[in-house]
Structure formats: C-alpha cells, structure tokens
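Asks:
Chains as they are written, first to last, in the numbering used here: chain F, 1 to 506; chain U, 507 to 665.
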C-alpha cells in the first residue's frame with residue numbers, strides 16, 4: 001500500500017515541469033545558502049515568494065528543493081572562508097577550513113557534497129517510514145496534548161538558541177504576544193489591530209519573517225562592510241577518493257541517523273545535530289587528533305548530520321504540524337499559504353500530498369548532488385560576489401518578496417518594521433528563531449489551551465492527569481534546565497573552534 | 507562587570523517590561539463573555555507576565571554576571587550605525603514611493619544610492635548593476651510568476 005503510494009507519487013513528481021522547479025529550487029537554495037553571511041533560514045525566506053503563484057505540486061517541489069539546497073549550500077563558505085554563520089556551519093568549518101588552507105579545498109568540498117547528499121537521503125528514508133507511524137499515534141492527541149507539544153517545541157528552541165536562557169525566553173514571549181495580533185482564535189474578536197485590516201489574519205507571516213531574517217541581516221551587513229577577498233582554491237575533484245569515501249562511510253551513516261533523530265525533536269535543528277555527530281565521530285575515530293586540524297571525517301560527520309536533520313525536522317512538521325526548526329517553520333507557513341495543513345489529519349485526508357512531499361524530497365536529494373557536482377565552480381565564484389552589489393540586491397528582493405504575497409504595500413511596511421526590530425534584537429543578542437517558532441506555535445498553543453479550559457471549566461488538571469502531557473511538560477522543563485549547563489559547554493566549544501581556526505589563518 | 511552590556515540589557519529589559527504593561531492595559535478593553543471563564547485577554551496577559559519575568563531574570567543575571575557579554579554598539583555617532591539608519595530611511599522611502607512612482611524607477615535609484623553609500627565608486631559597474639538587478643527581478647516576477655509589481659509612472663509604456 002505504502003510502496004504503491006510512493007510509486008504513484010514518484011511518477012507525479014517525475015513530470016518534466018515538476019522536475020524543473022525542484023531543480024531550480026535546489027539551484028536557488030544552494031546559491032543563497034552559499035552566499036556568505038546568509039543563513040539557510042534567510043535563503044528559504046527570500047525564495048518562498050517565488051512559489052506563491054505555482055500549482056500545489058510544483059510549489060511543494062520547489063520549496064523542498066530550496067530547503068535541501070540551502071542546507072547544503074551553507075557548507076561551501078564554511079569550508080572556503082570560514083564564515084561565522086549558523087553553528088551548523090561552524091562544525092563543518094572546524095575541519096573544512098583548515099583542510100582548505102592546506103590546499104585541499106577540493107577534497108573538503110567533495111566530501112561535504114557526498115556526505116550532505118547521503119545524510120539527506122538517510123533523513124528522508126527515516127522520515128518516510130517513521131512519520132506515518134507518528135501521525136497515527138498523534139491522532140489520539142486532544143487539545144491538551146497539542147498545547148503541551150507546542151510548549152515543548154518552544155522550550156527546545158529556547159534551550160538551544162543564543163547563549164542565555166532568559167534572552168531566549170524574552171524572544172519567545174515576545175513572539176507569543178505578536179502571535180496574538182489578529183482575530184481571536186476562539187471567538188474572532190480582533191486584537192491589537194490599530195485599525196489596520198491587514199493585520200486581521202495575524203501578522204502576515206512571510207513579510208514578518210523576511211523582515212526578521214533578511215532585512216535585519218542586510219542592515220547589519222550595511223553597518224559593517226566586510227570584504228570576503230579573493231578566494232584561491234584548488235578544485236581538483238568533485239567526488240571524494242575511494243579511500244576517503246570508505247574511511248568516512250561509517251561516520252556518514254552514523255551521523256546521518258544521529259542528525260535525523262535530533263532533527264525530529266521539535267525545536268532542535270541542524271546546528272545542534274552537527275555538533276553532537278561531530279563529537280561522536282571524534283570519540284569513535286581512530287585518528288581523533290586530526291579533528292580540528294582538517295579531518296575529512298569531521299567534515300563528513302558535520303555535513304551528514306546537518307543534512308540528515310532536514311528529513312528529521314520534516315517528521316514533526318508533517319505528522320504533528322509542529323516545525324522541527326526555524327527553516328521548517330517557514331516551510332510550514334508556505335505550505336499553509338498553499339492550502340496544505342500539515343498534521344495527523346493530513347495522513348488521512350490528503351495522503352497523496354504527503355507522498356508527493358516524500359517523493360519530491362527524494363528527488364531533491366538527487367538534484368542537490370547534480371547541482372553541487374556540476375555547479376561547484378560557480379558556487380565558489382558566488383562566494384566572492386561583492387557585498388556592495390549583494391546587499392542592495394537582497395534588500396530589493398526582500399521588498400518584492402513581501403509585497404508579492406498579497407500585492408500589498410502595507411506588508412512592505414511590516415517587513416521594514418520587523419527588519420528594524422530584528423536588527424535591534426541582534427544588537428542585544430536576543431535570538432530570532434524563538435520569535436519565528438512562537439509565531440507559528442502561538443496560535444496553536446492558545447487555541448488548544450483555551451479549547452481545553454472551556455471544556456474542563458478552567459481546570460489545569462491535564463498537567464498532572466494526562467500521561468503524554470506529563471511527559472512533554474517534564475521534558476520541556478528538563479530541556480531548559482539541562483541547557484543552562486550545556487550552553488556554557490557549547491559556547492566554549494565554538495569559541496575554541498574559532499580560536500583554532502583563527503590560528504590557522506595567521 | 508562590563509558596564510556597556512549591563513546598560514544595553516537594562517534598556518532592553520525595561521523596554522520589554524513597559525511593552526508587557528502596555529499589553530496588559532490594552533487587553534483590559536477586550537470584551538468579556540460571561541458564559542466562558544477564559545476570554546480573549548487571557549493568553550496575551552499570561553504572555554505579558556512571562557515577558558516581565560524573563561526580562562527581570564535577564565536584568566538580574568546581567569547585573570550579577572562577572573563575565574562580560576559582547577554587545578554590538580548602538581551609538582548614533584558610530585559611522586556604521588549611521589550607514590545602517592540611512593539605509594533604513596532610504597528603504598522606507600522605497601516603500602512609500604513604490605505605488606506612485608513604480609517599482610522599476612524607484613529600485614534603480616535605490617540600488618545606485620545604496621552602492622554609493624556602501625563605498626562603491628566604480629561608476630560604470632554601479633550603473634549597470636543598479637539597472638540590471640531591478641529589471642531582472644521585475645521580469646522574473648511578472649513573466650515567470652505572474653506577479654506584476656507596481657508600474658507607477660511607467661504604466662503607459664506597458665500598454
């Protein structure tokens with residue numbers, strides 16, 4: 001039954017027009033992911049408007065292509081210029097950059113491509129098998145469970161983003177208040193509208209996140225213009241040597257699975273999975289001393305894990321309707337605009353859409369490999385694009401992207417306000433990802449909590465009478481407590497990695 | 507104790523607390539349905555309380571912490587900040603003029619001025635890029651995606 005569905009959806013996805021948009025999505029995602037200083041989140045946010053006018057299947061294909069492409073693209077600047085960006089890139093940069101400095105950038109890039117693609121594949125396969133099971137389980141969830149799930153997802157993203165719990169909490173609560181803007185989810189009363197009907201459906205999602213993630217980055221970029229300088233690298237190969245490949249294969253397989261499982265925890269994303277897999281690879285390696293000085297195994301571990309995470313992060317997105325990280329939160333927003341409502345019911349009502357998503361992701365993995373192999377030389381050039389050209393172009397694209405969702409100038413203003421807010425937030429080290437997740441999870445949390453409280457006559461008894469709720473709430477609290485201790489350790493690791501890499505530049 | 511980061515955190519925390527108080531009072535005007543015990547103001551108010559607690563805890567840890575936290579500069583005298591603010595003002599102008607003047611002209615002028623502000627002085631490259639990028643984006647959206655950006659004063663040309 002499942003195989004038949006998968007086969008049918010593959011024939012849908014293998015239509016020339018769908019293939020073309022997946023391919024374009026991967027290309028666009030990789031280019032934006034490869035631009036120094038642009039995170040995968042920002043890349044996906046900027047490209048989502050291109051999918052608005054498309055048919056459902058095309059838009060799904062393009063979105064997933066962008067997603068996987070952007071995740072892979074991030075590794076290129078990490079290896080070539082060690083751009084400080086997401087911590088996920090930091091793990092790749094720890095070994096990729098030293099290896100590039102030894103004149104073996106080709107070896108590093110080829111390994112990162114192979115590991116990325118294999119990691120994504122592992123993630124997608126696990127997703128295909130696991131997510132239908134989880135959706136069956138989730139069908140038993142009532143509003144109390146969904147509320148606790150939303151809280152759990154938020155607690156994880158607070159725990160892993162930024163270096164202070166209280167700042168993560170501030171960002172999350174701020175996002176939750178923002179999510180109250182618009183009509184009340186239970187009785188429809190318009191809240192915090194200031195007479196603007198454009199806000200009735202809540203803060204417009206795409207304009208808000210383009211503002212938070214793209215405009216704020218451009219403003220930061222304008223503030224300190226840093227030139228990347230010339231890149232001279234020896235790109236002798238596209239595929240890793242047989243020895244390198246065989247040596248890293250166990251690491252890739254293990255890291256892909258680690259990445260996928262960490263990615264499947266709502267809230268935890270590529271950054272944390274890359275570091276966990278990197279640590280595990282170092283522990284298991286026969287040559288741990290090479291780690292940090294240009295170990296191919298290190299690159300393989302980090303890349304397989306942060307790409308394996310893509311499939312993993314899709315599991316809660318599809319089966320529970322809860323995004324696994326900031327990038328999948330954008331995907332969720334984009335799916336909703338297309339009229340798809342991810343969650344356990346999608347597996348009953350729209351099973352073909354679910355399998356189309358599975359197939360599109362499988363095909364997108366292959367596209368990443370083709371695009372990465374053929375375009376590697378191009379992406380290396382992309383990195384050296386002058387910031388003076390790049391920044392105005394990104395700003396114009398941001399404005400157009402936010403305008404095009406509803407053909408509305410009001411949305412452009414929203415983007416600019418959010419951009420300025422995001423800029424100020426980053427100045428005081430407030431993380432942005434919790435705001436994004438709160439915007440998605442806020443209405444879900446409120447709707448379910450209030451629905452439950454109306455039925456239970458205001459009693460919060462679900463917190464201690466429903467087993468799934470108890471587990472989720474305890475896990476949420478634990479994740480916050482543990483992270484207080486772990487964050488110091490991770491911050492120290494990143495600082496050490498950057499120090500070591502700095503030593504290599506001089 | 508690093509005075510700069512404490513000051514920044516203090517300003518940030520107090521702003522958040524004031525914001526929460528505003529949310530609290532704003533929700534007071536929400537209508538109440540006597541039949542249900544939970545109303546529209548319930549969730550925003552809980553979140554406002556949460557924001558106040560988180561802000562207080564951030565201020566507390568920031569004042570108590572011995573380690574210095576690296577905080578970006580926010581001084582208006584800094585040339586980088588000035589550049590970012592000019593960029594923001596210019597971009598707001600783009601939004602204001604988008605409908606009346608039209609996307610193509612506004613963004614060509616915008617791209618050119620932005621490149622100048624960013625320190626580019628290669629005139630020929632500046633002219634070519636600032637014309638090509640907006641045109642490329644315009645045709646990408648209108649031809650491939652069917653989304654027409656505002657034409658403004660160029661409207662007669664396209665009919």
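Heads up, the beta-carbon is just placed ideally off N, CA and C, and yes, glycines get one too.
If you're wondering where the values come from, they're calculated on a predicted model, not measured in any experiment.
In whole angstroms, what separates the C-alpha of residue 47 of chain F from that of residue 334 of chain F?
Replies: The sequence position of residue 47 of chain F within the first chain is 47, counting from 1. The sequence position of residue 334 of chain F within the first chain is 334, counting from 1. Looking at the two C-alpha atoms, the distance is approximately 11 Å.
Asks: Measure the alpha-carbon distance for residue 541 of chain U versus residue 517 of chain U and round it to whole angstroms.
Replies: Within the second chain, numbered from 1, the residue matching residue 541 of chain U stands at position 35. Within the second chain, numbered from 1, the residue matching residue 517 of chain U stands at position 11. Taking the straight line from one Cα to the other gives about 42 Å.
Asks: Buried or exposed: where does residue 139 of chain F fall if 16 or more other Cβ atoms within 10 Å of its Cβ makes it buried?
Replies: Translated into the one-based positions of the first chain, residue 139 of chain F becomes position 139. Answer is exposed; the Cβ neighbour count stays below 16.
Asks: Could you name the residues of the region 593 to 613 of chain U whose beta carbon sits closer than 8 Å to any beta carbon of chain F, in the order they occur along the chain?
Replies: Per Cβ criterion, the list reads 593, 594, 597, 598, 600, 601, 604, 605, 609 and 613.
Asks: Less than 8 Å between C-beta atoms, sequence neighbours within five positions excluded: which residues of the same chain meet that for residue 587 of chain U?
Replies: On the second chain, residue 587 of chain U is found 81 positions in, with the first residue counted as 1. Answer for residue 587 of chain U: 579, 580 and 581, listed in chain order.
Asks: Against chain F, with Cβ distances strictly below 8 Å, would residue 532 of chain U count as a contact?
Replies: Residue mapping note: residue 532 of chain U aligns to position 26 of the second chain, counting from 1. Interface residue, yes.
Asks: At least one CB of chain U closer than 8 Å to the CB of residue 85 of chain F: is that the case?
Replies: Locating residue 85 of chain F in the first chain gives position 85, where the first residue counts as 1. Low confidence applies here, because residue 85 of chain F scores a pLDDT of 49, under 50, leaving its location unreliable; read the following figure in that light. So, not an interface residue.
Asks: Going by C-alpha to C-alpha distance, which of F:27, F:206 and F:362 sits closest to residue 378 of chain F?
Replies: As a first step, residue 378 of chain F must be located in the first chain, where it is residue number 378. Looking at the Cα atoms, F:27 is the closest of the given residues.
Asks: Considering only the beta carbon of each residue, do residue 31 of chain F and residue 54 of chain F sit closer than 8 Å?
Replies: Residue 31 of chain F sits at position 31 when you count from the first residue of the first chain. Residue 54 of chain F sits at position 54 when you count from the first residue of the first chain. No, the Cβ-Cβ distance between residue 31 of chain F and residue 54 of chain F is not below 8 Å.
Asks: Using only the alpha-carbon positions, how far apart do residue 282 of chain F and residue 640 of chain U sit?
Replies: Taking the first chain and counting its residues from 1, the one referred to as residue 282 of chain F is at position 282. Taking the second chain and counting its residues from 1, the one referred to as residue 640 of chain U is at position 134. Distance between the alpha carbons of residue 282 of chain F and residue 640 of chain U: 48 Å.
Asks: Is the beta carbon of residue 216 of chain F closer than 8 Å to that of residue 422 of chain F?
Replies: Indexing the first chain from 1 puts residue 422 of chain F at position 422. Indexing the first chain from 1 puts residue 216 of chain F at position 216. It is a contact, given that the beta carbons lie within the stated cut-off.
Asks: In whole angstroms, give me the CA-to-CA distance for residue 260 of chain F and residue 40 of chain F.
Replies: Here residue 260 of chain F refers to the residue found at position 260 when the first chain is read from its first residue. Here residue 40 of chain F refers to the residue found at position 40 when the first chain is read from its first residue. Roughly 17 Å between the two C-alpha positions.
Asks: Among U:622, U:629 and U:617, which has the Cα closest to the Cα of residue 393 of chain F?
Replies: Reading the first chain from its first residue, position 393 is the one you call residue 393 of chain F. Minimum Cα distance to residue 393 of chain F is reached at U:617.
Asks: Three-state secondary structure (DSSP) at residue 183 of chain F?
Replies: Start at 1 with the first residue of the first chain, and residue 183 of chain F comes out as number 183. Three-state result, residue 183 of chain F: strand.
Asks: Can you grab the Cα-Cα spacing for the pair residue 29 of chain F / residue 66 of chain F, in whole Å?
Replies: Within the first chain, numbered from 1, the residue matching residue 29 of chain F stands at position 29. Within the first chain, numbered from 1, the residue matching residue 66 of chain F stands at position 66. Whole-angstrom Cα-Cα distance: 4 Å.
Asks: Among all the DSSP beta bridges, which residues are the ones paired with residue 190 of chain F?
Replies: Walking along the first chain from the start, residue 190 of chain F turns up at place 190. Its beta-bridge partners are F:183.
Asks: Give me the chain U residues within the contact set of residue 400 of chain F, using Cβ-Cβ distance strictly less than 7 Å, ordered along the chain.
Replies: On the first chain, residue 400 of chain F is found 400 positions in, with the first residue counted as 1. By Cβ distance, chain U contributes 643, 647 and 655.
Asks: Looking at C-beta atoms only, is the number of pairs between the region 190 to 208 of chain F and the region 450 to 461 of chain F that lie closer than 8 Å three or more?
Replies: No, the region 190 to 208 of chain F is not in contact with the region 450 to 461 of chain F.
Asks: Alpha carbons only, please: which of F:319, F:127 and F:327 is nearest the one belonging to residue 350 of chain F?
Replies: Within the first chain, the letter at position 350 stands for residue 350 of chain F. Residue 350 of chain F has its Cα closest to that of F:319, out of F:319, F:127 and F:327.
Asks: By a C-beta neighbour count over all protein chains shown, 10 Å radius and 16 as the cutoff for buried, is residue 196 of chain F buried or exposed?
Replies: Taking the first residue of the first chain as position 1, residue 196 of chain F is located at position 196. It counts as exposed.
Asks: Rounded to the nearest angstrom, what separates residue 201 of chain F and residue 408 of chain F at their Cα positions?
Replies: As a position in the first chain, residue 201 of chain F is number 201, starting the count at 1. As a position in the first chain, residue 408 of chain F is number 408, starting the count at 1. Whole-angstrom Cα-Cα distance: 14 Å.
Asks: Should residue 460 of chain F go down as buried or exposed, given a rule of 16 or more other Cβ atoms within 10 Å for buried?
Replies: By 1-based counting over the first chain, the position of residue 460 of chain F is 460. Answer is exposed; the Cβ neighbour count stays below 16.
Asks: Hey, residue 9 of chain F and residue 358 of chain F are a contact pair by Cβ (cut 8 Å); roughly how many whole angstroms apart?
Replies: Residue mapping note: residue 9 of chain F aligns to position 9 of the first chain, counting from 1. Residue mapping note: residue 358 of chain F aligns to position 358 of the first chain, counting from 1. Right, their Cβ atoms sit about 7 Å apart.
Asks: How about residue 509 of chain U: is its C-beta nearer than 8 Å to some C-beta of chain F?
Replies: Residue mapping note: residue 509 of chain U aligns to position 3 of the second chain, counting from 1. Not an interface residue.
Asks: Can you list the residues of chain F that residue 580 of chain U reaches, using a CB-CB cut of under 7 Å?
Replies: Residue numbering aside, residue 580 of chain U sits at position 74 when the second chain is read from its first letter. Simply 427.
Asks: For residue 537 of chain U, decide whether its Cβ has a neighbour in chain F, counting only Cβ atoms nearer than 8 Å.
Replies: Stepping through the second chain from its first residue, residue 537 of chain U is reached at position 31. Yes - at least one Cβ of chain F is within 8 Å of the one on residue 537 of chain U.
Asks: By DSSP, does residue 423 of chain F sit in helix, in strand, or in coil?
Replies: Translated into the one-based positions of the first chain, residue 423 of chain F becomes position 423. Residue 423 of chain F: helix per DSSP, three-state reduction.
Asks: Might you give, ordered along the chain, the residues of its own chain that have their beta carbon closer than 6 Å to the beta carbon of residue 121 of chain F, omitting 5 neighbours on each side?
Replies: Along the first chain, read from residue 1 onward, the residue named residue 121 of chain F stands at position 121. For residue 121 of chain F, where only same-chain residues beyond five positions count, the Cβ hits under 6 Å are 365.
Asks: Out of F:484, F:177 and F:129, which one is the CA nearest neighbour of residue 439 of chain F?
Replies: Translated into the one-based positions of the first chain, residue 439 of chain F becomes position 439. Residue 439 of chain F has its Cα closest to that of F:177, out of F:484, F:177 and F:129.
Asks: Does any residue of chain F have a CB that is nearer than 8 Å to the CB of residue 624 of chain U?
Replies: Locating residue 624 of chain U in the second chain gives position 118, counting from the first residue. Yes, its Cβ sits closer than 8 Å to a Cβ of chain F.
Asks: Go ahead and label residue 626 of chain U buried or exposed: buried means 16 or more other beta carbons lie within 10 angstroms of its beta carbon, across all protein chains shown.
Replies: As a working mapping, residue 626 of chain U is identified with position 120 in the second chain. Its Cβ being crowded by 16 or more others within 10 Å, residue 626 of chain U is buried.
Asks: According to DSSP, is residue 564 of chain U part of a helix, a strand, or is it coil?
Replies: Taking the first residue of the second chain as 1, we reach residue 564 of chain U at position 58. Residue 564 of chain U: helix per DSSP, three-state reduction.
Asks: Using the C-alpha atoms, what's the distance from residue 114 of chain F back to residue 306 of chain F?
Replies: By 1-based counting over the first chain, the position of residue 306 of chain F is 306. By 1-based counting over the first chain, the position of residue 114 of chain F is 114. So the alpha carbons of these two residues sit roughly 13 Å apart.
Asks: In three-state DSSP terms, what is residue 85 of chain F?
Replies: Working through the first chain from its first residue, we reach residue 85 of chain F at position 85. Reliability fails at residue 85 of chain F, whose pLDDT of 49 lies under 50, so the model's placement of it is uncertain and the value that follows must be treated cautiously. If DSSP states are grouped into helix, strand and coil, residue 85 of chain F belongs with coil.
Asks: Within the 8 Å Cβ cut-off, does residue 527 of chain U reach chain F?
Replies: Position 21 of the second chain, counted from the first residue, corresponds to residue 527 of chain U. It does not: the Cβ of residue 527 of chain U has no partner Cβ on chain F nearer than 8 Å.
Asks: Please determine, among F:204, F:172, F:210 and F:169, the residue with the shortest C-alpha to C-alpha distance to residue 183 of chain F.
Replies: Translated into the one-based positions of the first chain, residue 183 of chain F becomes position 183. Taking only the C-alpha atoms, the option nearest residue 183 of chain F is F:204.
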